[in-house]
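Using numbering that gives the first Met the number 0, the first residue of the sequence shown is number 0, and each one after it goes up by one. Virtual Cβ for every residue (Gly too), placed ideally from N, Cα, C.
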Amino acid sequence: MGTLDQLTPPPLLIVPSVLPADFARLGEACAALEEAGVDRIQFDVMDGRFVPNLTFGPDIIAAVRPHTGVPFEAHLMIEQPDHLLERFVNAGCSTVIVHAEACVHLHRTLGAIRDLGASPAVALNPHTPIDLVAHVLDLVDMVLVMTVNPGFGGQKYIATMEPKVAAVRELIGSSGRNVHLEVDGGIGAGTIGGAARAGANVFISGSALFAHPGGLKAGVEELRDAAAKGWADRG
Ligand code: DX5
């Protein structure tokens with residue numbers, strides 16, 4: 000990523016989580032998401048230890064890969080992800096997100112993702128201070144601020160994370176680096192504006208998008224419009 004152009008706002012990316020999708024028809028779900036105009040697709044990888052839930056691994060992602068041309072990101076909610084990084088990259092994930100809380104040697108892990116040819120990103124749970132990413136901003140293309148406690152879809156957006164999003168946006172601004180700021184958890188038409196106003200530019204939506212009464216395309220458009228309005232309100 001190049002240096003940040005302070006005048007040009009970052010792109011606003013709508014990235015669905017496939018957690019609410021029918022796992023028996025994941026390929027079709029991803030093709031439908033591409034049709035709906037999403038920018039990337041996120042796979043929530045959970046190991047039952049770092050978070051109290053278990054989902055899927057690299058083989059499932061590899062099986063889905065041929066069904067869509069949309070870039071994949073793997074959100075690794077797993078303890079000590081180092082030994083699995085290459086498997087997720089080889090499965091077709093162009094972005095790999097690791098949790099600062101799960102990596103003993105975060106600096107080394109992020110460098111390893113870059114060396115594998117993927118885009119490194121770091122995630123912070125709601126309680127985790129942003130200081131944990133202050134010394135690795137030069138290694139990442141994105142910081143993910145969780146707006147729920149990770150492990151499940153359909154949870155309530157934690158609005159008190161908005162000052163934290165604003166603080167990360169400021170940290171990115173002062174670094175002069177072109178780093179994206181992603182939010183994940185409880186993102187829908189009623190919450191995306193607040194997250195955008197706070198400084199997020201990449202938005203993960205699962206249950207709100209899949210449950211949209213107008214369907215996926217209408218849902219993506221509504222989210223994109225609401226995010227743009229929120230970003231415009233930043234002035
Ligand atoms: C939490 C998951 C969820 C998911 C999005 O561990 O990461 O945040 O991606 O779920 P919704 O949009 O249903 O909150």
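Check: residue i C-beta below 7 Å from any heavy atom of the ligand DX5
i	result
Met-160	no
Pro-149	yes
Phe-186	Phe is not the amino acid found at residue 186; the sequence shown has Ile there. For the ligand DX5, at least one heavy atom lies less than 7 Å from the Cβ of Ile-186.
Ile-203	yes
Val-182	no
Met-76	yes
Val-63	no
Gly-153	yes
Leu-83	no
Val-50	yes
Pro-19	yes
Gln-79	no
Asp-43	yes
Ala-207	yes
Ser-16	yes
Residue j beta carbon less than 8 Å from that of residue i
i	j	result
Phe-87	Val-97	no
Ser-118	Asp-137	no
Cys-29	Val-14	no
Ala-226	Ile-191	yes
Ala-199	Leu-180	yes
Ala-188	Ala-207	yes
Pro-65	Ala-90	no
Phe-42	Ala-73	yes
His-106	Val-142	no
Val-132	Val-147	no
Span of the alpha helix (DSSP H), counted from its first residue to its last, around residue i
i	result
Gly-171	The sequence given here places Ile at residue 171; Gly does not occur at that position. Unbroken alpha helix (DSSP H) run through Ile-171: 161-174.
Leu-143	Per DSSP, Leu-143 belongs to no alpha helix (DSSP H); it is in the beta strand (DSSP E), 141-145.
Asp-21	Run containing Asp-21: none; DSSP gives neither H nor E here.
His-106	105-114
Leu-53	Run containing Leu-53: none; DSSP gives neither H nor E here.
Asp-130	130-133
Ile-186	Element bounds for Ile-186: n/a, residue is neither H nor E.
Within-8 Å CB hit, residue i to chain D
i	result
Arg-48	Here there is only one protein chain, and chain D is not present.
Sequence-distant residues of its chain with Cβ nearer than 6 Å to residue i (five each side left out)
i	result
Phe-49	Met-76, Ile-77, Glu-78, Ala-101
Glu-33	Thr-67, Val-69
Arg-168	Leu-180, Gly-198
Gly-193	Glu-161
Ala-20	Ala-28
Arg-113	Pro-119
Residues near residue i by beta carbon distance below 8 Å, same chain, minus five either side
i	result
His-211	Ala-217, Gly-218, Glu-221
Ala-111	Asp-81, Leu-84
Neighbourhood of residue i by C-beta, 7 Å cutoff - its chain only, sequence neighbours within 5 removed
i	result
Ala-61	Ala-90, Gly-91
Leu-215	Ala-31, Leu-32, Ala-35, Leu-208
The beta strand (DSSP E) enclosing residue i, as first and last residue numbers
i	result
Ile-123	The question names Ile, but residue 123 in the sequence shown is Leu. 118-123 is the span of the beta strand (DSSP E), which, as asked, contains Leu-123.
Asp-224	Taken as a continuous stretch (DSSP letters only), Asp-224 belongs to no beta strand (DSSP E), being part of the alpha helix (DSSP H) at 215-231.
Pro-15	12-15
Ala-62	Here Ala-62 belongs to no beta strand (DSSP E); instead the alpha helix (DSSP H) covers 57-63.
Cys-92	92-98
Phe-202	201-204
Ile-77	No beta strand (DSSP E) holds Ile-77; DSSP gives it neither H nor E.
Phe-42	40-45
Between the segment 117-133 and the segment 151-166, do at least 3 Cβ pairs fall closer than 8 Å?
yes
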